[in-house]
Amino acid sequence: MGSGSDIVTRTEGPAGYILLDRPRRANAYRDATLEALSRALAAHVEAEGVRVVVVGSAVPGRFSSGADLDELGHRSGEDALKLLSREVFDRLAACPKPTIAAVDGSAIAGGLELALACDLRLASSRAHFAMPETSLGLIPAAGATWRLPRLVGDAVARQMMLFGFELDAEQALRVGLVSAVVEPAALADRVQCWAERAARLDPLALRLAKQALAAPTEGGARELTRSGQAVLYERRHRGGPQDGGGVR
């Protein structure tokens, strides 16, 4: 286990964990937090034994309240154009390994954008989700304006961003924002179970499937699917390593 700069990292089986750890600031992130998160993500991507990356919290009942407003208040318009959270969350979204957000408690503003950058979200029953930026004279700037509508639909995204609606865990499950809801004490085991499930799958096929899923258009997805399938068929033809057996 490692720690420093507001995060804790550890590896458990095939899962590499990145856990926010700023309890006095409700896990609000500052630039130092984001830089540490980026380094931890790069380390987990490089680690051969890590097959899945999990982003969560070391603080029970708190996922993240988003950007630290004390630090945010000193930024200029020019700073907004090179927003570090947007860069780091884009790297997380482009991670070649499957990613899971383990959401226990509040995922608010940039905290929700962090969760949105993961492939899926697993939530505790005390999780809730909100995008209150417009009430603070801001707009969501680290991915929500394009990732949230894609997940929950345009209407729900507009309700959250333009009208201040919040979602509890069950509502988030119904609209597709999260993939499962469990009691807080069961969340860690559920996350590990999903990580181990993904780890049984072929890593190259997973990476190529992620690229196709991330395509912004149907045409792009079709092209990436074709090229990815060609890579996998060529590997099979050459007798390269693969997960044996049929579709499960």
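Going by the numbering used here, the sequence shown opens with residue 1, and the numbers climb by one from there.
Note that CB positions come from ideal geometry on N, CA and C, so glycine has one too.
(1) Please list, in chain order, all residues of the same chain as VAL178 whose beta carbon is under 6 Å from its beta carbon, the five residues on each side excluded.
(2) Touch check for the region 187-198 and the region 91-102: three-plus C-beta pairs under 8 Å?
(3) Residue ranges of each beta strand (DSSP E) run of no fewer than 3 residues wholly in the region 107-151, ordered along the chain?
(4) What does DSSP give as the partner residue(s) for GLY56 in the beta ladder?
(5) With C-beta atoms as the reference, is GLU113 less than 8 Å away from ALA144?
(6) Alpha carbons only, please: which of SER65, GLY111, PHE163, ALA107 is nearest the one belonging to THR134?
(7) What separation, rounded to the nearest whole angstrom, lies between the Cα atoms of ALA157 and GLY239?
(8) On a Cα-Cα basis, can you pick out the residue from ASP31, LEU41, LEU34, ASP6 that is closest to ARG24?
(9) Decide if GLN192 is buried, meaning its Cβ has at least 16 other Cβ atoms within 10 Å, or exposed.
The relevant details are as follows:
(1) For the purposes of this step, residue 178 is identified with residue 178 of the sequence shown, where counting begins at 1. Result list for VAL178: ARG121, ALA123, ALA172, in chain order.
(2) These segments touch.
(3) Secondary structure remark: continuous beta strand (DSSP E) runs of at least 3 residues inside the region 107-151, in chain order: 120-124, 128-130.
(4) As a working note, residue 56 is residue 56 in the sequence shown. According to DSSP, GLY56 bridges with LEU19.
(5) In the sequence shown, residue 113 corresponds to position 113, counting from 1. In the sequence shown, residue 144 corresponds to position 144, counting from 1. Yes, the Cβ-Cβ distance between GLU113 and ALA144 is below 8 Å.
(6) Here residue 134 is taken as the residue at index 134 of the sequence shown, counted from 1. Closest in alpha carbon position to THR134, among SER65, GLY111, PHE163, ALA107, is PHE163.
(7) Within the sequence shown, the letter at position 157 stands for residue 157. Within the sequence shown, the letter at position 239 stands for residue 239. About 46 Å.
(8) In the sequence shown, counting from the first residue as 1, residue 24 sits at position 24. For ARG24, the nearest C-alpha among the options comes from ASP6.
(9) The count along the sequence shown starts at 1 and reaches residue 192 at position 192. With 16 or more other Cβ atoms inside 10 Å of its own Cβ, GLN192 counts as buried.
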